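Position one of the sequence shown corresponds to residue 23 (my numbering), numbered consecutively onward.
Positions of the beta carbon are idealized from the N, C-alpha and C atoms, including for glycine.
Computed from a prediction, not measured in an experiment: that's the story for all the values here.
Let me begin by presenting the structure, written as structure tokens, before commenting on it.
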Amino acid sequence: MSEKIAVIGAGTMGSGIAQIAVEAGFEVVIVDTDDAFIERGIGNIKKFIGKKVEKGKISREDHDAILKRLSGTTDMAAGVADAAMVVEAVFENLDLKKDIFGKLDSYCPADVILASNTSTMSISELAGATANSGRVIGTHYFSPVPLMKLVEIVVGDTTSGEIIEKTMELCKRFGKVPIAVKDVPGFIVNRYLCLMYNEAANMIYNSVAQAQDIDSALKLGCNWPMGVCQIMDMAGVDITYNALQSLYAMTGEERYKPSPLFQTMVSEKKLGQKTGEGFYKY
Ligand SMILES: NC(=O)c1ccc[n+]([C@@H]2O[C@H](COP(=O)([O-])OP(=O)(O)OC[C@H]3O[C@@H](n4cnc5c(N)ncnc54)[C@H](O)[C@@H]3O)[C@@H](O)[C@H]2O)c1
């Protein structure tokens, strides 16, 4: 296997994934549609790694060596050449992702792993956009990628055993803990968390309990490090609402039907920390 990883998309997740791979010793190329997006992504990585030098966590030599292994391009075919794995982290849009997987399938030799960081889409459906669907797999990272240990390894209907093994191995080398999961809506974490989000919102909507009390109860009674309403405010109430809507559409299960509270909060722009008010005021 080569020691090169290509990441498609230089946004929040793509730059985080590029960072953990380059810090783990791989050569990394980030592909995006505009040089400005690539500069922003690489700039974020530089900031993060620069702070590690300031804090004495890595040496200046290591810092320079890491950044020497990192580059970006708007030419996807050139960017993915000789990569062992390509990780797609573009916008959550099915047609866009299918188009990219079709292109990657034609640019990359048959043994190259094609991974998607999608949160909501079916890996089997993305694999359908390729001729060689055995090498398509999900690697679902969590934000902020450099800090969160988990990667859900999403196994599509056609993903080969060899690709699962190689992907797990690479994710471990990136310092992550990979957990294999079936290609079901929400995988494990979102499937579970969305139920918690919805229940909390319904309790507030039905005047059963207030956000602060729900959070205190979970922290003191279940040892949660954060309350569920605090998590929603941090992630964005609109993002939570979208995740529930998409799970409800995919499963048809009433338990995922978004609480009416979400629509009210979104229309009032109470989206959480980013708008100064959500379940709490900031
Ligand atoms: N943000 C999160 O917390 C989070 C967590 C887990 C998974 N995800 C998933 O990760 C993916 C990326 O999310 P994000 O938050 O990083 O998005 P983002 O909007 O921050 O970044 C997406 C990037 O993709 C680039 N892009 C768009 N079209 C492209 C193309 N054709 N070729 C190359 N680059 C292209 C954009 O220019 C942008 O820089 C999505 O599928 C999302 O669902 C996000």
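Any non-hydrogen atom of ligand 1 within 6 Å of residue i CB
i, result
"Gly94", "no"
"Val112", "yes"
"Thr297", "no"
"Thr273", "no"
"Asn212", "no"
"Thr286", "no"
"Ser146", "no"
"Val30", "Sequence check: residue 30 is Ile here, not Val. Ile30: yes, Cβ under 6 Å from ligand 1."
"Gly33", "yes"
"Phe59", "yes"
"Ser165", "yes"
"Asn154", "no"
"Asp127", "no"
"Ser3", "The first residue shown for the chain is 23 and the last is 304, placing residue 3 beyond what the model contains."
"Thr55", "yes"
Coarse secondary structure for residue i, derived from DSSP in three states
i, result
"Val53", "strand"
"Ser144", "coil"
"Val230", "coil"
"Gly249", "coil"
"Gly294", "strand"
"Lys73", "helix"
"Ala137", "strand"
"Lys79", "coil"
"Lys68", "helix"
Alpha helix (DSSP H) segment containing residue i, residue limits
i, result
"Met272", "Val259 to Thr273"
"Val206", "Val206 -> no alpha helix (DSSP H), and no H or E assigned at all."
"Thr286", "Pro282 to Ser289"
"Ala43", "Thr34 to Glu45"
Residue span of the beta strand (DSSP E) that contains residue i, given as start and end
i, result
"Ala161", "Note that residue 161 corresponds to Thr in the displayed sequence, not to Ala. That run of the beta strand (DSSP E) goes Val158 to Tyr163."
"Ser93", "Leu92 to Thr95"
"Ala28", "Lys26 to Ile30"
Residue j beta carbon less than 7 Å from that of residue i
i, j, result
"Lys303", "Thr297", "no"
"Phe113", "Ala151", "no"
"Val109", "Ala137", "yes"
"Val173", "Thr161", "yes"
"Pro200", "Ile159", "no"
"Leu293", "Cys216", "no"
"Phe301", "Asp260", "no"
Threshold first: 4 residues or longer. Then list the alpha helix (DSSP H) segments lying entirely within the region 97–135, N to C.
You should have 98–102 and 116–129.
In chain order, what are the residue ranges of uninterrupted beta strand (DSSP E) at least 3 long that sit wholly in the region 169–202?
Within the region 169–202, complete beta strand (DSSP E) segments of at least 3 residues are found at 172–177, given in chain order.
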